[in-house]
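Chemist: Protein chains in written order, with my numbering: chain U, 1 to 225; chain E, 1001 to 1225. Idealized CB from N, CA, C, for every residue including glycine.
Protein chains: 2
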Amino acid sequence: MAKLLHHKLDPSSRLIRLMAAEYSVTLTFEEVSPWKRKPEFMDISPAGSLPVLIDEGLPPVVGWLAAIAVIEEQFAPAAVEGLIPSNPAHRYECWRILEWVQGKLNDEVTRYVLEEKVGRRERGGESPDVSALRAAKTNLVEHVHYFNWLVASRSWLAGDSLSLADLALASHLSVLDYLGDIDWSEIGETRDWYARIKSRPSFRPLLADRLVSMPPSKTYADLDF
Amino acid sequence: MAKLLHHKLDPSSRLIRLMAAEYSVTLTFEEVSPWKRKPEFMDISPAGSLPVLIDEGLPPVVGWLAAIAVIEEQFAPAAVEGLIPSNPAHRYECWRILEWVQGKLNDEVTRYVLEEKVGRRERGGESPDVSALRAAKTNLVEHVHYFNWLVASRSWLAGDSLSLADLALASHLSVLDYLGDIDWSEIGETRDWYARIKSRPSFRPLLADRLVSMPPSKTYADLDF
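1. Return the CA-CA distance between U:His145 and U:Asp192, expressed in angstroms with no decimal places.
2. U:Phe75: which of U:Arg37, U:Asp43 and U:Ala2 sits nearest, CA to CA?
3. How would you label E:Ala1132, buried or exposed, when you count the other beta carbons within 10 angstroms and need 16 or more for buried?
4. Using 9 Å as the threshold, is the C-beta distance between U:Val25 and U:Ile97 below it?
5. Identify the contact partners of U:Asp107 in chain E, using a Cβ-Cβ distance below 7 Å as the criterion.
6. With burial defined as no fewer than 16 other Cβ atoms inside 10 Å of the residue's Cβ, what is the status of E:Glu1099: buried or exposed?
7. Note down the Cα distance separating E:Ser1127 from U:Val151, rounded to an integer number of angstroms.
8. For the alpha helix (DSSP H) that U:Ile16 lies in, which residues bound it at each end?
9. Jot down the residue ranges of each uninterrupted beta strand (DSSP E) in the region 1075-1147 of chain E, minimum 3 residues, whole runs only, in chain order.
10. Which residues mark the beginning and the end of the beta strand (DSSP E) in which U:Phe29 is found?
11. Out of E:Asp1129, E:Val1113 and E:Asn1148, which has the shortest C-alpha to C-alpha gap to E:Glu1186?
12. So, helix, strand or coil for U:Val70, using DSSP?
13. Just verifying my parser: in three-state terms, what is the DSSP assignment at U:Leu50?
14. Can you name the start and end residues of the beta strand (DSSP E) that E:Lys1003 belongs to?
15. For U:Arg154, collect the residues of the same chain with a Cβ closer than 8 Å to its Cβ; drop the 5 residues on either side in sequence, then sort them by chain order.
16. Report yes or no: is there a C-beta of chain U within less than 9 Å of the C-beta of E:Gly1180?
17. What in chain E is Cβ-close to U:Pro59, meaning under 7 Å?
18. Mind checking which residues open and close the alpha helix (DSSP H) that includes U:Pro39?
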């Protein structure tokens, strides 16, 4: 059985956990803190990237792009519509949004919040930089504004079926929600879309995640948030 | 014939130009400045991402991930080893390095240099922030250190054939070289690897690129740098 090195609040790890669960791929898990930069982890993932998929017959598969490729190529069910849309226009839209979420949303919002609230703590106790958190919050409003516009006219982000784009955005929002950085009353249409994803069986293990002495926000595990 | 909206010094645009040239796909080109954020461009690419591929029968294809998918699916030659390795271990290695270059290297080096030297200028004349440029230069040393180690034991970044990983790193280094931000005497093994890529026919159009009233460094177009 393949093993996933992951961090509970790393959005790329969550994306791959969701992808595997949607495809009914059973994985074992091992937790890693990318912020601690332990030598045995940095040897496998020199950029400190997560997740890492360890499977027989392959060198460790490092990062979300490589992990998507492995799961899609080796585990995707052939008979059903997968998480990469078969319609070409929807497929390229899926990649566009995936790049947006894993690139721009991560750079402007999620990684700042994670660094300030989790990274500093895991490295040993510095307190968060409030101005970085405030900037991330302002940036999040801009992103949500766009996603509200998108989901107002579509069932799912890339078209009419659930895709990797949805799993990626839901991963990031779930991390921000855990850390109390989302005011759902201000989120608009994206809130209804997130409620649909959150109630999927694949999401259940994520909602049970808890960081030691850092409980989630009240809304985090509530399906009726 | 498909058209590529691009910027001459945007590394993701260069990656797709190189990929298309390696596959002998002929494109037409239209230049866009992502920094000017013109409404007609932002309507097509709301995140301001480049490149954008415009082809008949498809909505605009936005971003490097989506453009890779289109070119690989619609234009890749079936008979030869393509730019995504057929060996699984090499293929996942290619995705790992692509994520590194387009994510980490871009975030820590290239986008700072581009923002300070090109973005500020194209928006209208602010002078660059010297401390950001200095930080980018320090970060580049760390990255090159790793790539030196990698190319010391492999013909190409992801294994024994040219792949998207090589084209991506070469795109970033070429942009930094244009702007005079690489001291080749300090680059080590990566210099020899870059010399091999630079002499490929696919690279020639990039070496002829010139920004208006911003000439390239002396080494930029020199194959014997």
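Modeler: In this structure, then:
1. Looking at the two C-alpha atoms, the distance is approximately 14 Å.
2. The shortest C-alpha separation from U:Phe75 is found at U:Ala2.
3. Residue environment: E:Ala1132 is assigned as exposed (fewer than 16 neighbouring CB atoms within 10 Å of its CB, all protein chains considered).
4. Taking 9 Å as the Cβ cut-off, U:Val25 and U:Ile97 do not qualify as a contacting pair.
5. Going along chain E in sequence order, the residues near U:Asp107 (Cβ under 7 Å) are Asp1107.
6. Its Cβ being crowded by 16 or more others within 10 Å, E:Glu1099 is buried.
7. Distance between E:Ser1127 and U:Val151, taken at the CA atoms: about 40 Å.
8. Counting along the chain, the unbroken alpha helix (DSSP H) around U:Ile16 starts and ends at Pro11 to Glu22.
9. Taking only runs of at least 3 residues, no beta strand (DSSP E) segment lies wholly in the region 1075-1147 of chain E.
10. Annotation for U:Phe29: the continuous beta strand (DSSP E) segment containing it runs Thr28 to Glu31.
11. Checked all of E:Asp1129, E:Val1113 and E:Asn1148; the closest Cα to E:Glu1186 is E:Asn1148.
12. Helix at U:Val70.
13. U:Leu50: coil per DSSP, three-state reduction.
14. Counting along the chain, the beta strand (DSSP E) containing E:Lys1003 begins and ends at Lys1003 to His1006.
15. For U:Arg154, same chain residues with a beta-carbon under 8 Å away, outside a window of 5 residues either side, are Asp160 in chain order.
16. It does not: the Cβ of E:Gly1180 has no partner Cβ on chain U nearer than 9 Å.
17. Within chain E, Ala1089 have C-beta atoms less than 7 Å from the C-beta of U:Pro59, given in sequence order.
18. Start and end: Pro39 to Ile44.
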